[in-house]
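**Q**
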Amino acid sequence: LSVLITTYNRSKLLDLTLNSYTLQGLDPSLYELIVIDDGSSDNTKEVSDSYLNKGFPIKYVYLNRPGWTNCALAINVGIKEASGDIILLSSSDVITVTNTMQQHIEYQKQNNNSVVTARCYNIKKSFCDSHDMMDKENIFTAYNAHIDSPCIGKEGPTADWIVGFSTSVPKSVLLEVQG
């Protein structure tokens, strides 16, 4: 599993996001976190490195461009850097639900070539208001993600929900549609 976390000048939020992934309890040999920094000028790299120094599997990719220019391009760079067979899209303003990574892996195994979406929480909203929902079960939904399905086609995604930031897709499907 490769978790792609896009960011730009959000080091404080990134710290919360990375912390939520490290609290998942999943064996670090089963995943990697890839932070794709779209040209930040803050201490984003130091935050990422602090989790690497704690033993978490993190790759940091810096895109030397003038600012947050194109999230889709950052994601495509992350896909190329990813070593996992499953890509989980995330962002530096997302807190994941308990067991998110494990559930994505299990749902992908059960639903071959699927787009799997899960509930997550945007840090910009009140975390306290949604905290009671963090441990609820059965929050995942699997969608058919074959190349000719309604949600992904040769022309790219055709459904709004695929852009969600707790969405996993097999890497092979993303490569087939060119990101």
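Number 163 marks the last residue of the sequence shown (this note's numbering); no jumps. Just so it is clear, CB atoms sit at the ideal spot from N, CA and C, and this is done for glycine as well.
(1) For Leu73, report the span of its beta strand (DSSP E) as first-last.
(2) Can you tell which of Tyr91, Leu(-15), Asp26, Leu57 has the C-alpha that lies nearest to the C-alpha of Pro41?
(3) Using three-state DSSP, classify Pro154 as helix, strand or coil.
(4) Hey, which unbroken runs of the beta strand (DSSP E) at 3 residues or more fall wholly within the segment -15 to 54?
(5) Counting C-beta neighbours from all protein chains within 10 Å, is the total for Lys94 16 or more, i.e. buried, or is it exposed?
(6) Leu159: which of Gly68, Ser25, Leu36 sits nearest, CA to CA?
(7) For Val61, which of helix, strand or coil comes out of DSSP?
**A** So, from the listed chains and residues:
(1) By 1-based counting over the sequence shown, the position of residue 73 is 89. 70 to 75 is the span of the beta strand (DSSP E), which, as asked, contains Leu73.
(2) Along the sequence shown, one-based indexing puts residue 41 at 57. Ranking Tyr91, Leu(-15), Asp26, Leu57 by Cα distance to Pro41 puts Leu(-15) first.
(3) Position 170 of the sequence shown, counted from the first residue, corresponds to residue 154. Three-state DSSP puts Pro154 in a strand.
(4) Whole beta strand (DSSP E) segments, 3+ residues: -14 to -9, 16 to 21, 42 to 46.
(5) As a first step, residue 94 is located in the sequence shown; it is residue number 110 there, counting from the start. The amino acid at residue 94 is misidentified as Lys; the sequence shows Gln. Within a 10 Å sphere around the beta-carbon of Gln94 sit fewer than 16 other beta-carbons, which makes this residue exposed.
(6) Walking along the sequence shown from the start, residue 159 turns up at place 175. The residue with the shortest Cα to Cα distance from Leu159 is Gly68.
(7) In the sequence shown, residue 61 corresponds to position 77, counting from 1. DSSP places Val61 within a helical segment (H, G or I) once states are collapsed to three.
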